[in-house]
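Going down the list, the sequences are from chains Z and U. Sequential numbering from 1177 applies to the first sequence in this note's numbering. Sequential numbering from 206 applies to the second sequence in this note's numbering.
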Amino acid sequence: MSIAIDSRNAGAKSAGATSISWTHTVGAALVSGFLHVGASTGSGTAVSISAVVWDSGGANTGLSKTVNAVDTELTDTANNLKTSWWWLAPPAAGAKTILVTAASSCELEAGSSSWSGCAGTFNAASPQKTNRGANTNPTTTVTSAVGEQVIDVIGVNLGSGVTAVEGASQTLIFNQNNGPATSIGAGSDEASTGATVTMDWTGMTVNTNDTNQICVSLIPAVAAAPATARRSSRPFPFRPGSPRSR
Amino acid sequence: MADTVVLPQGTYPIGTRTLGPATVPVGVTQIELALDGAAMTSPALHVSMALDLSLDGGSTWNTPHPQVDPFPVTMTLDGGAKDRQGNPLPKYTIGTRLPDPSNANRRVRAVVIISGTALTTSGTLSLT
Chain Z
1177 MSIAIDSRNA GAKSAGATSI SWTHTVGAAL VSGFLHVGAS TGSGTAVSIS AVVWDSGGAN
1237 TGLSKTVNAV DTELTDTANN LKTSWWWLAP PAAGAKTILV TAASSCELEA GSSSWSGCAG
1297 TFNAASPQKT NRGANTNPTT TVTSAVGEQV IDVIGVNLGS GVTAVEGASQ TLIFNQNNGP
1357 ATSIGAGSDE ASTGATVTMD WTGMTVNTND TNQICVSLIP AVAAAPATAR RSSRPFPFRP
1417 GSPRSR
Chain U
206 MADTVVLPQG TYPIGTRTLG PATVPVGVTQ IELALDGAAM TSPALHVSMA LDLSLDGGST
266 WNTPHPQVDP FPVTMTLDGG AKDRQGNPLP KYTIGTRLPD PSNANRRVRA VVIISGTALT
326 TSGTLSLT
C-alpha cells in the first residue's frame, strides 16, 4: 500500500495568542489514515505547545508529539523558539476543528496534513531534530526508505525581510509568517525514493536567524493478503469421512 | 491593498461583535486581523477572534468543504501579553492564507467575543 496525500492545510498564525484553531477536512474513504500537525512558537520566554486536539468541541481527540518514544519538541534557547511535530492515526473522517493550545501567550504558527496508506509507525531513525544558529540554508538528510513519506516542520526566528522557502523537491504544507522581529512556522513533505531524503529551506537571507527543524519519515501500511492466498496456506485440508478425520 | 480599519478606536463592552463582511479582491492570498494592544493590558481581558470566509458573496459561510479549509480560523488571547523585550504587546493578530484567489465572490468577516472586562482597542484588516 502506498502513502498518498489526502489534504494539505495552511493552518493559521497569530501574535499574542493562547490558542489557535482551524478547520481541516479528512476524506471519508481514507484507508490507514494519518493526521499530522506542525507547530512553532516564538516569545520572550520559550513557550511550549501544551496540547493539539482533533475535532475540538466534538470528540476532542488528543494528538501525540512522541515519535519512536522521543519527544519531538525542539527548543532554540538563544531566541526562545519552540517547534513540535504532532500526529494521530487514524483520524475520524470529516471537516473538523484542530485546536492548538499554548502554555501562555506567544507567536503561534501551525498547519496540518492528512494521508492515506500509513502504518502509523515511523522509520527507526525518526525523529531527526536539529537546532541551528545563524544559517541561511537549514538542511537535514533524513534517513528513510523507498515508499516512505517524509514530513518536516521548521521554526525560524525572524530578523527582517526573511522568508522560508521549501526545497525544490518538497511540497509545501503550510507557511505562516508573523512578520518582522517575530517568527515563521512552516512545513513540507517529500516522498522517499531511496535510503535518504534531503529536506532543506532557503530564504533566510539575514544570516542571524536561528532555526529548528524536525523531520519524520512515515512507514507505509502493509496491504492485506488476498483471501485466495490465505486459503492456499492450508496444504492438507481434511474432508468429512476421510481416514484422517475418524 | 491598503489596511482597512474595521473596528474604530473605542471601548467595547463584554459581548459579541461582528466586523464586516468585506469583499476580497481577486488575487489576494493573505488575510490578517490586528487589534491594537496599547490598552489591552488587563489580564482579566479575554478575547476570541474568528475569521469567516464565504465563496458565494456572503450567502453561506465556512461551508464544510476542502476548498474553504482552513476557515473558520480562530485565536484566543488574554490581555497583558508581552513582546520579546518584555514590553506590552503592540498588537494581537490572527491570520492565514485565503483560498480560491480567482474568485470575485469572496467575502470575509470577523467575529470578536469579549469576556472578563471591556476591550479598548481599534481593529485593522489587512488583505494582501
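C-beta atoms are modelled at their ideal positions from N, C-alpha and C, and glycine is treated no differently. Keep in mind it's a predicted model, so treat the numbers as computed, not measured.
Distance between residue j and residue i (C-alpha atoms, nearest Å)
| i | j | result |
| --- | --- | --- |
| residue 1332(Z) | residue 1386(Z) | 6 Å |
| residue 1391(Z) | residue 1307(Z) | 12 Å |
| residue 286(U) | residue 209(U) | 24 Å |
| residue 1295(Z) | residue 1242(Z) | 16 Å |
| residue 294(U) | residue 1195(Z) | 16 Å |
| residue 1284(Z) | residue 1207(Z) | 31 Å |
| residue 308(U) | residue 268(U) | 15 Å |
| residue 314(U) | residue 1351(Z) | 23 Å |
| residue 1373(Z) | residue 1298(Z) | 14 Å |
| residue 1377(Z) | residue 1279(Z) | 28 Å |
| residue 1412(Z) | residue 1398(Z) | Any reading at residue 1412(Z) is ruled out, since the residue's pLDDT is 47, under 50, leaving its predicted position unreliable. |
| residue 245(U) | residue 252(U) | 10 Å |
| residue 297(U) | residue 1213(Z) | 23 Å |
| residue 1229(Z) | residue 1334(Z) | 28 Å |
| residue 225(U) | residue 317(U) | 11 Å |
| residue 166(U) | residue 1379(Z) | What the structure shows of chain U is the stretch from 206 to 333, and residue 166(U) is not part of that stretch, so it cannot be assessed. |
| residue 229(U) | residue 264(U) | 15 Å |
| residue 1252(Z) | residue 247(U) | 30 Å |
| residue 1186(Z) | residue 212(U) | 26 Å |
Opening and closing residue of the beta strand (DSSP E) in which residue i lies
| i | result |
| --- | --- |
| residue 1324(Z) | Neither: residue 1324(Z) is in no beta strand (DSSP E) and is coded neither H nor E. |
| residue 313(U) | 312-320 |
| residue 211(U) | 209-217 |
| residue 224(U) | 220-228 |
| residue 1349(Z) | 1347-1353 |
| residue 1311(Z) | Taken as a continuous stretch (DSSP letters only), residue 1311(Z) belongs to no beta strand (DSSP E), as it is neither H nor E. |
| residue 1339(Z) | Careful: residue 1339(Z) lies outside any beta strand (DSSP E) and carries neither H nor E. |
| residue 1483(Z) | Chain Z is shown only over 1177 to 1422; residue 1483(Z) falls outside these bounds and no answer can be derived. |
| residue 300(U) | 296-302 |
| residue 1206(Z) | Segment: none, residue 1206(Z) is in no beta strand (DSSP E) and carries neither H nor E. |
| residue 1300(Z) | Neither: residue 1300(Z) is in no beta strand (DSSP E) and is coded neither H nor E. |
| residue 327(U) | 324-332 |
Contact check, residue i vs residue j, beta carbons under 8 Å
| i | j | result |
| --- | --- | --- |
| residue 275(U) | residue 257(U) | no |
| residue 1257(Z) | residue 1216(Z) | yes |
| residue 234(U) | residue 306(U) | yes |
| residue 1291(Z) | residue 1180(Z) | yes |
| residue 1177(Z) | residue 1314(Z) | no |
| residue 327(U) | residue 214(U) | yes |
| residue 1340(Z) | residue 1188(Z) | no |
| residue 1220(Z) | residue 289(U) | yes |
| residue 1223(Z) | residue 1282(Z) | yes |
| residue 1428(Z) | residue 1204(Z) | Residue 1428(Z) lies beyond the range of chain Z shown here (1177 to 1422); nothing can be said about it. |
| residue 1359(Z) | residue 1348(Z) | no |
| residue 249(U) | residue 220(U) | no |
| residue 1388(Z) | residue 1250(Z) | yes |
| residue 1319(Z) | residue 1344(Z) | no |
| residue 1336(Z) | residue 1357(Z) | yes |
Proximity to residue i [Cα-Cα], best of the options
| i | options | result |
| --- | --- | --- |
| residue 1366(Z) | 1245(Z), 1316(Z), 1236(Z) and 1283(Z) | 1316(Z) |
| residue 1394(Z) | 1348(Z), 1336(Z), 1360(Z) and 1322(Z) | 1322(Z) |
| residue 255(U) | 305(U), 231(U), 237(U) and 210(U) | 237(U) |
| residue 1273(Z) | 1343(Z), 1352(Z) and 1233(Z) | 1233(Z) |
| residue 1246(Z) | 1352(Z), 1303(Z), 1360(Z) and 1350(Z) | 1303(Z) |
| residue 1210(Z) | 1184(Z), 1343(Z) and 1225(Z) | 1184(Z) |
| residue 273(U) | 263(U), 324(U) and 259(U) | 259(U) |
| residue 262(U) | 242(U), 252(U), 231(U) and 292(U) | 231(U) |
| residue 1342(Z) | 1335(Z), 1361(Z), 1357(Z) and 1336(Z) | 1361(Z) |
| residue 299(U) | 310(U), 247(U), 282(U) and 291(U) | 282(U) |
| residue 1369(Z) | 1204(Z), 1269(Z) and 1346(Z) | 1346(Z) |
| residue 1432(Z) | 1237(Z), 1240(Z), 1186(Z) and 1266(Z) | Past the edges of chain Z, shown from 1177 to 1422, lies residue 1432(Z), and the structure says nothing about it. |
| residue 241(U) | 1227(Z), 1226(Z), 1200(Z) and 1191(Z) | 1191(Z) |
| residue 292(U) | 217(U), 266(U), 249(U) and 243(U) | 243(U) |
| residue 1270(Z) | 1371(Z), 1319(Z), 1231(Z) and 1276(Z) | 1231(Z) |
| residue 280(U) | 1327(Z), 1301(Z), 1276(Z) and 1312(Z) | 1276(Z) |
| residue 333(U) | 217(U), 303(U), 218(U) and 211(U) | 303(U) |
| residue 1259(Z) | 1244(Z), 1239(Z), 1218(Z) and 1288(Z) | 1218(Z) |
| residue 1432(Z) | 1239(Z), 1312(Z), 1305(Z) and 1375(Z) | Missing from the structure shown is residue 1432(Z); chain Z here goes from 1177 to 1422 and no further. |
| residue 310(U) | 266(U), 239(U), 217(U) and 216(U) | 266(U) |
| residue 1227(Z) | 1255(Z), 1197(Z), 1244(Z) and 1289(Z) | 1197(Z) |
Legend entry - Any alpha helix (DSSP H) of 4 or more consecutive residues that is wholly inside the stretch 234-292 of chain U: none
Legend entry - Runs of beta strand (DSSP E) lying entirely within the stretch 1216-1269 of chain Z, each at least 3 residues, in chain order: 1225-1230, 1250-1252 and 1257-1264
Inset, instruction - Could I get the ranges of all uninterrupted beta strand (DSSP E) runs contained in the stretch 1361-1391 of chain Z, with 3 residues as the minimum, in chain order? - result: 1372-1378
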